[in-house]
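First up is the structure itself, then whatever we jot down about it.
Residue numbers (mature numbering (1 follows the signal peptide of the UniProt record, and there is no 0)): -21 to -1, 1 to 673.
Right, here's the structure in full:
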């Protein structure tokens, strides 16, 4: 080969290598290109390269920190399936050419200061996954996303507060929606009724305080719901009706201090997470309405001192339980009988009790056995794997999770918790009036049911019976009140006895606070008074508490008006009162079965007297009426004068006509030169013709 041919071949190979080299600032892997921190010239070079083979057949393109990024700068990429753009602000309008990304299935546009949903999304008809996380989106409305093929939407860490009506009407195939880290304060179930294919809803780390139910249509397809990191204190039963087919529920990092009996009623639920919920008590029957519950995490609840042995009821499907970093002193035997896998690392177990219970661990697999520890009487930490069985008795203990000084508010449902820690001793309660009652096991048959308030019940059924069960419930776990009264304040004693010998006693002081509810007359008329008040009592036993307004006067007059406990406007217009009379008006909450008063707030208000016409007039109105009267008088006088003038004019004309017809003439009062009255027209003409010419 001669030198010229060799030089030409070398130049050809170098040129070919240059045209196929990966663009500057990018890395290439097959049909995938990843570029980071591109300047404007480098981005322009990339767009030019993507027009040429083989890069015009790229299937994945990842761009991060690109200066002055614009969608219009990218060429038509007919085989592009994945496009991920990060930290590249500059294009908020998204002007896309038709068929620019005809096969695009995954689009990520994150950390780009996007404030509104681009209309150009409608042109991406093949898109199945959309990620717009870490932007500044505020509204998710019905016109935000119209992509019928979309299956997964990720909108993490935006500023979305509410979900608009019919948002999901144009997304019939949507299966996953992630709204983690937004500003939502409530979850309205009707917002998701049009999401007919939604299986996973993630609302982690929002500000949700309440789940509102305004529809009876359940979310049939929803399997996974994540509400962790919100402000929930309960999950109302009526809200659960919309999620009856849930498979997995995450309520971690909410303020769920007490897990009550019938806490959840989800027949298909298998996985439940309650980590880091500031939990202190799990009552008997808490999970009795979860027949398929398979796995549960309650780790990171260091204040969880009491977990009822009857929390699961007769459930047989339970398999896995994680109680790591909880306040358990002793694991109830009934739990050991039900669980197959147990996690207990960093749990404050009592060594003396654990050593005696080790024989019962045979059917349980403690996954973290080598890391599990307990504490001795002296406070030393010892590994369970090194613990030897001991005949040392397990210390009796009365658990009071909320201390010996507790506070309740009038009207609320409240329970004073005190229970034996795994011993077989009998428990007795002594009330402030020194009445001693032996505690019984909680009745698991009474699961939570939706209660209808007394106002609605009596409205639909006037013959409704007011008979209720006792207001006070005493069990081996608590001394409970359906409705707290001021008279319930005092000292309660929890006594543990064995063979009639007192072993332990806990004296608990209950302080009852009276809320400040002010009744106000915002407007007073002659026969009505418009009332308003600043807040309502928090009533849970809505079936046995009623709200009314009473009005009474000195003459033995008394009226009662029944109101609903759900009066959200906190106002009422009291009508049909007498004028100029003083009334005592009261807002009252009371027990329907015994008429016992729970709370009462009263005011004294006098209705306005009736006024005469003159008393009702003010200065402006009086001046206005005077002006109108003057106008009317002037109009009447003018009309009268005009009529009289017209009458005299007509009479004068008639008189002249009569004189002309009779042939008479008369001198008139006219000052004209010709004051003669002629008999007819001809005479006047003749007279005029006979005048001498001047």
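Built from N, CA and C at the ideal position, the CB exists for glycine as well. Bear in mind that the values here come from a model prediction, so they are computed numbers and not experimental data.
Cα-Cα separation, residue 99 to residue 226
Their Cα atoms are separated by approximately 36 Å.
DSSP-derived helix/strand/coil call for residue 308
Here DSSP, grouped into helix, strand and coil, assigns residue 308 to coil.
Span separating the alpha-carbon of residue 43 from that of residue 111
Linking residue 43 to residue 111 through their CA atoms gives a straight-line distance of about 14 Å.
Going straight from the alpha carbon of residue 190 to that of residue 142, what length do you get?
Rounded to whole angstroms, residue 190 to residue 142 spans 14 Å at the Cα level.
Look at the alpha carbon of residue 221 and the alpha carbon of residue 261, and state the distance between them as a whole number of angstroms.
About 25 Å.
Which one or two residues does DSSP pair with residue 101 in a beta bridge?
Answer is none; residue 101 lacks a bridge partner.
At which residues does the beta strand (DSSP E) containing residue 685 begin and terminate?
Here the chain comprises residues numbered -21 to 673, so residue 685 is not present and cannot be evaluated.
Cutting at 6 Å between CB atoms, please list the residues of its own chain near residue 134, excluding the five before and the five after it.
Sequence-distant Cβ neighbours of residue 134 in its own chain, meaning closer than 6 Å and more than five residues away, are 111, 158.
Contact belief for residue 80 with residue 48 at Cβ below 8 Å, rounded distance in angstroms
Actually they do not touch by this definition, with Cβ atoms about 15 Å apart.
Give the single residue among 561, 511, 509, 545 whose Cα lies nearest to the Cα of residue 533.
Each of 561, 511, 509, 545 was checked against the Cα of residue 533, and the nearest Cα belongs to 561.
Please give me, in chain order, every unbroken run of the alpha helix (DSSP H) with length at least 4 that falls completely inside the stretch 272 to 330.
Whole alpha helix (DSSP H) segments, 4+ residues: 312 to 317.
Residue 25 lies in the alpha helix (DSSP H); which residues open and close that run?
19 to 28 is the span of the alpha helix (DSSP H), which, as asked, contains residue 25.
Report the option in 121, 574, 139 whose CA atom is closest to the CA atom of residue 148.
Out of 121, 574, 139, 121 has the C-alpha closest to the C-alpha of residue 148.
For residue 422, does the count of other Cβ atoms within 10 angstroms reach 16, so buried, or fall short, so exposed?
Exposed, because fewer than 16 other Cβ atoms sit within 10 Å of the Cβ of residue 422.
Once the 5 residues before and after residue 527 are set aside, which same chain residues still bring their CB inside 7 Å of it?
Only 539, 540, 541, 542, 567 meet the Cβ criterion.
Would a C-beta distance cut-off of 9 Å place residue 454 and residue 407 closer than the cut-off?
In this structure, the beta-carbon distance from residue 454 to residue 407 does not fall below 9 Å.
Distance between beta carbons of residue 544 and residue 582, contact taken as under 8 Å:
A Cβ-Cβ separation of about 21 Å leaves residue 582 out of contact with residue 544 under the 8 Å criterion.
Exposed or buried, what is residue 150 when buried is set at 16 or more other beta-carbons lying within 10 Å of its beta-carbon?
The residue in question, residue 150, is buried, as its Cβ has 16 or more Cβ neighbours within 10 Å.
Start and end residues, beta strand (DSSP E) containing residue 512
In the DSSP assignment, residue 512 falls within the unbroken beta strand (DSSP E) covering 508 to 512.
Apply the 10 Å Cβ neighbour rule to residue 219 and answer buried if 16 or more other Cβ atoms are within range, or exposed otherwise.
Within a 10 Å sphere around the beta-carbon of residue 219 sit 16 or more other beta-carbons, which makes this residue buried.
Length of the line joining the Cα atoms of residue 272 and residue 248:
Straight-line spacing of the CA atoms in residue 272 and residue 248 works out to 6 Å.
Mind checking which residues open and close the beta strand (DSSP E) that includes residue 184?
That residue, residue 184, is in no beta strand (DSSP E); it is neither H nor E in DSSP.
With three or more beta-carbon pairs closer than 8 Å as the criterion, would you say the stretch 350 to 357 touches the stretch 378 to 394?
With the cut-off at 8 Å, the stretch 350 to 357 and the stretch 378 to 394 do not touch.
Would residue 473 and residue 496 qualify as a contact pair, given that the criterion is a beta-carbon distance under 9 Å?
Not in contact: residue 473 and residue 496 (Cβ atoms no closer than 9 Å).
Per DSSP, which one or two residues make a beta bridge with residue 468?
Checking the DSSP bridge columns, you'll see residue 468 has no partner listed.
Burial state of residue 611, where buried means 16 or more other Cβ atoms lie within 10 Å:
Residue 611 counts as exposed, since fewer than 16 other beta carbons sit within 10 angstroms of its beta carbon.
Roughly how many angstroms lie between the CA atoms of residue 140 and residue 415, to the nearest whole one?
Cα to Cα, residue 140 sits roughly 53 Å from residue 415.
Can you list, in chain order, the residues of its chain whose CB lies under 6 Å from that of residue 170, leaving out five sequence neighbours each side?
For residue 170, where only same-chain residues beyond five positions count, the Cβ hits under 6 Å are 142.
Exposed unless 16 or more other CB atoms sit within 10 angstroms - verdict on residue 181:
Looking at its Cβ environment, which holds 16 or more other Cβ atoms inside 10 Å, residue 181 is buried.
Do the CB positions of residue 311 and residue 288 come within less than 9 Å of each other?
Yes, Cβ-Cβ distance for residue 311 and residue 288 is below 9 Å.
Name the DSSP beta bridge partners of residue 549, please?
For residue 549, which the question treats as bridged, DSSP gives no partner whatsoever.
For residue 257, the three-state DSSP class (helix, strand or coil)
The three-state secondary structure of residue 257, taken from DSSP, is coil.
Grab me the residues of residue 278's own chain with a C-beta within less than 6 Å of its C-beta, minus the 5 sequence neighbours each way, in chain order.
Answer for residue 278: 254, 301, 303, 304, listed in chain order.
Let me make sure I understand the geometry here. Which of 490, 102, 114 has the alpha-carbon closest to that of residue 128?
It is 102 whose Cα lies nearest to the Cα of residue 128.
Distance check for residue 577 and residue 463, CA to CA, integer angstroms please.
Whole-angstrom Cα-Cα distance: 8 Å.
Residue 275: which of 62, 252, 450 sits nearest, CA to CA?
The candidate whose alpha carbon is nearest that of residue 275 is 252.
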